[in-house]
Amino acid sequence: MTKALLSGNEAVAEGVRLARAQVVAAYPITPQTTIVEKLAEMIGERSLSAEFIPVESEHSAMAASIGASLAGARAFTATSSQGLALMHEMLHWASGQRVPVVMANVNRALAPPWNVWVDHTDSMAQRDTGWIQIYAETNEEVLATILQAYRVAEDPEVLLPTMVMLDAFVLSHTYMPVEIPSQEAVDQFLPSYRPVVRVEPGTMQLFGSFSPPDLAYMEFRHDMASAMQTAHRKLIQAGRDYARVLGGQPLGPIDEYRTEDAEVLIVALGSLAAAARDTVDEFRREGRKVGLARIRVFRPFPEEEIRALGSRVQSLVVVERAHSFGSGGPVATEVRSALLDIPSRPAVASYIAGLGGREVTPRHLRALVERAIRKDVPREAWVGVKEVIA
Amino acid sequence: MAKLTIPSEEYQVGGHAACPGCGAALAMRYLLKGLGPQAVVVIPACCWAVIPGAMPGTCLRVSTVFSSFESTAAMASGLKAGLRQTGRGDVPVVGFAGDGGTADIGIQALSGAAERNEDFLYVCYDNEAYMNTGIQRSGSTPAFSWTTTTPHGLEKHTPKKDLPMILDAHHIPYIATLNPSFPEDFVAKATKAARFKGTRYLHVLADCPTGWKHDPSQMVEVGRLATLSHYWPLYEIDQGRLKITWSPSNPIPVEKYLRSQGRFKNVTPEEIAQIQQTVDERWHALQERASRDQKSPERIEVQSETPASSVPHSVHPVSETVIVHPNEPFPSR
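Sequence order for the protein chains is G and H. As numbered in the working numbering, residues 43 to 432 make up the first sequence, in order. As numbered in the working numbering, residues 928 to 1260 make up the second sequence, in order.
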């Protein structure tokens, strides 16, 4: 175990190196680019024994990753924003083929207008593609999550691709101290990939041939739904095993902070949670019962955990960097849905904040929590929207 | 009588779901005879996504990976890298796509893979329209051909894309045109293509009686007319050097080929003249290039960039393969 100062993108690359990925196919996009630059460097200097495929688009990056994984190799790719949107078709292909590809997505806003800063709309738009989705808060967590992602994705009871999210610039380009585990310990936590099925020449295998309504299509989808449910348990186990073998705190679907007797909970994803911790500390110093529930795993959605938390508090303040036009905040929608039928249902405030990288500070969050304490719980409100400059 | 050189082994067995007289079905059958049972085939959205039959049935005795419409070449690139990384780099990977999946929606992935000189064989079976979706025009539909989206009054006036020449501009080790009506030439080229490393491209004429509007029993003969008229010349580009592998001693007018199919029934004499001119010009260009290339054996140095990978792949020149000439074509009617 060594400690190093790494950017979020370098932490991704270090995780991929430690995971001994065998095929890396990727296409450049800001702010993901330094991930593949670092991986290309590692492969070039042979500290990572993988093949690098410099594909001509993100769509092909995912197609090549699927092909490599079908052959039985551990595959990795990384993207962001427009690139993830271009991949959309192949995200369904990856989960449908049940290949345990792991991908880092640097959360960035979608154009137009052009904007390269943090925003979660890109990955929220992919929530129905059958991928496990994990959002990291720190660079150390980014590295640990890459390793846990492979472990869960490759589990024979799961076999679903996994997306690891990190916030543009706030994590991707910001340097933080990161504990780098030893290769020996990682190998113990994550042995080499043993596919249940892989392409075998000279056989009559079929990978994805057509299936009419009365055949197996619906059963394949049902199997994916079950695997996603199983992934919930496997993710908790992987977090515990990681802490046991490699150290640190066990990471689960929800990261709770000072929730023990909380009356108001901030609910956030990714690096927003770091600001929320400061807000919580400030309230606690004043003797006010405020806590944080950071949703780390968005797919499978941690419904039971949200219900358990929800039954203990008066209100939840969901602050998120995404919006589903014509519906609302995707996180708030799912939180409300999870809490719908619990006996003492708390109020859920929904705030859309920080789109396109607009800053969200502990001071902003403090104001939102104070509204909740005053029983002012908006169905949907946008934080810090200026008057449109015509 | 000369003995046929086509292997008797069958890797495509009976029970396929193609239309009667399907040229694409015959193309796959001959291709696999040339490649053998170890080939892994990548098939995108196209007629061949359906021809093997519904799961778990298949008429193919080879491992088959289905891919999205536009990603054949990318999927094949990753598959080959994965096979190398799992110690099976000698397994031949073959992409088998239609003309829409090659000339239109899949050209980006194909161009990218060819530029990287990825080690696989790409086969385009060209039935000159989107046949699986019901005969819509593609970038490979010839001028004046009827399709459901080029009906009378909305004819296509532009010629089809010249895919082999587009691939030639990528400097890949081997390119060839094939025609299932010339099976010996077909199988010899498939076998030869399998012996190269890097990206290889085979462009196959695939008659579609359903879309071309002729009696399915005439499939082999319509294919003959295509090459006898120089509409579908048979050539190969071996490491940059073009060679015509077979040509008729007395070419027939292209009108004979056009009149064999209902899709050209509305072409006017002026349009036929225009098509004939295009065919003649291309034939002369091919002849000139062939004559130039045969005189200058080092015309193109085929380079293979060593990828930043543990297993570099490169172009290994193969010794000259004797292309067996097909039997004398039967006389045109």
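Cβ atoms here follow ideal geometry from the backbone N, Cα and C, with glycine treated the same way.
When DSSP labels each residue in this structure, what does M218(G) get in the three-state scheme?
-> strand
Interface flag, P979(H) vs chain G, CB-CB below 8 Å = yes
Could you name the residues of the same chain whose beta carbon sits closer than 7 Å to that of T180(G), not counting the 5 residues immediately before and after it, in chain order?
-> Excluding residues within five positions, the ones whose Cβ falls inside 7 Å are M218.
Members of the region 100-133 of chain G near chain H, C-beta cut-off 9 Å = Taken in chain order, the members of the region 100-133 of chain G whose beta-carbon sits within less than 9 Å of a beta-carbon on chain H are H101, S102, A103, M104, A105, A106, S107, I108, G109, A110, S111, L112, A113, G114, A115, R116, A117, E131 and M132.
Beta-carbon separation (whole angstroms), S1144(H) vs H1097(H), contact threshold 8 Å | Contact flag wrong, Cβ pair sits at about 39 Å.
What residues match up with Y1184(H) in a beta bridge as DSSP calls it?
-> In the DSSP output, where bridge partners are listed per residue, Y1184(H) has none listed.
Classification of K1007(H) by the beta-carbon crowding that lies within 10 angstroms, buried from 16 upward | Per the 10 Å Cβ criterion, buried.
Endpoints, the beta strand (DSSP E) within which Y393(G) is located | A389 to I394
Rounded C-alpha distance that separates H365(G) from G371(G) | 5 Å
Measure from the C-beta of F252(G) to each C-beta in chain H and report whether the shortest distance is under 8 Å.
-> yes
Taking 8 Å as the cut-off, decide whether the C-beta atoms of S990(H) and T245(G) are in contact.
-> yes
With DSSP run on the structure shown, which of helix, strand or coil describes Q247(G)?
-> Residue state, collapsed to three classes: coil.
Chain G partners of L1006(H), CB-CB under 9 Å?
-> A106, I108, G109, A110, L112, A113 and V241
Which ranges would you report for the alpha helix (DSSP H) in the region 104-175 of chain G if only whole runs of at least 4 residues count?
-> 123-138 and 163-166
Sort R378(G), R363(G) and E52(G) by Cα distance to L185(G) and report the nearest one.
-> E52(G)
Listed by chain order, chain G residues near G941(H) by CB distance under 9 Å | Here the premise fails: no neighbours, minimum Cβ distance about 14 Å.
Whole beta strand (DSSP E) elements within the region 253-323 of chain G, 3-residue minimum = 296-299 and 306-310
Indicate the three-state DSSP secondary structure (helix, strand or coil) for I384(G) in the structure shown.
-> coil
Option nearest D352(G) by Cα separation, candidates I77(G), Q64(G), P388(G) and L126(G) = The sequence shown places Gly at residue 352(G), not Asp. Checking every option, the nearest Cα to that of G352(G) belongs to P388(G).
Classify E52(G) as helix, strand or coil using the three-state DSSP reduction.
-> helix
Extent of the continuous beta strand (DSSP E) run through H1211(H) | Per DSSP, H1211(H) belongs to no beta strand (DSSP E); it is in the alpha helix (DSSP H), P1196 to K1222.
Does any C-beta atom of chain G lie closer than 8 Å to the C-beta of R1186(H)?
-> no
Going by alpha carbons, who is nearest to H264(G) out of G172(G), K80(G), A82(G) and G294(G)?
-> G172(G)
Please decide whether S1236(H) counts as near chain G, where near means a Cβ-Cβ distance under 8 Å.
-> Bear in mind that a pLDDT of 38 at S1236(H), under 50, signals an unreliable position, so the number given afterwards is only what the model happens to contain. Closer than 8 Å: yes.
Given a limit of 7 Å on CB to CB distance, which residues of the region 1115-1148 of chain H reach chain G?
-> none
Range of the contiguous alpha helix (DSSP H) that encloses I978(H) = Here I978(H) belongs to no alpha helix (DSSP H), and DSSP marks it neither H nor E.
Can you have a look at T386(G) and say buried or exposed, based on whether 16 or more other CB atoms are within 10 angstroms of its CB?
-> Per the sequence shown, residue 386(G) should be read as Ser rather than Thr. Answer is exposed; the Cβ neighbour count stays below 16.
Rounded to whole angstroms, what's the CA-CA distance from S102(G) to A1041(H)? Just pull it up for me.
-> 13 Å
Does the region 1082-1098 of chain H come close enough to the region 1141-1158 of chain H that 3 or more CB-CB pairs lie under 8 Å?
-> no
Cutoff 8 Å: T1104(H) Cβ touching any chain G Cβ | no
Count the C-beta pairs between the region 83-102 of chain G and the region 980-989 of chain H that are closer than 8 Å, then say yes if the count reaches three, no if not.
-> no
For the candidate residues Q1203(H), A976(H) and I1179(H), whose alpha-carbon lies nearest to that of P254(G)?
-> A976(H)
Neighbour flag for P934(H) against chain G, beta carbons, 8 Å | no
Quick one, which of L953(H), S1187(H) and R1122(H) has its alpha-carbon nearest P1100(H)'s?
-> Taking only the C-alpha atoms, the option nearest P1100(H) is R1122(H).
Rounded to whole angstroms, what's the CA-CA distance from R150(G) to A120(G)? Just pull it up for me.
-> 13 Å
Within 10 angstroms of the Cβ of G941(H), are there 16 or more other Cβ atoms? Answer buried if so, exposed if not.
-> exposed
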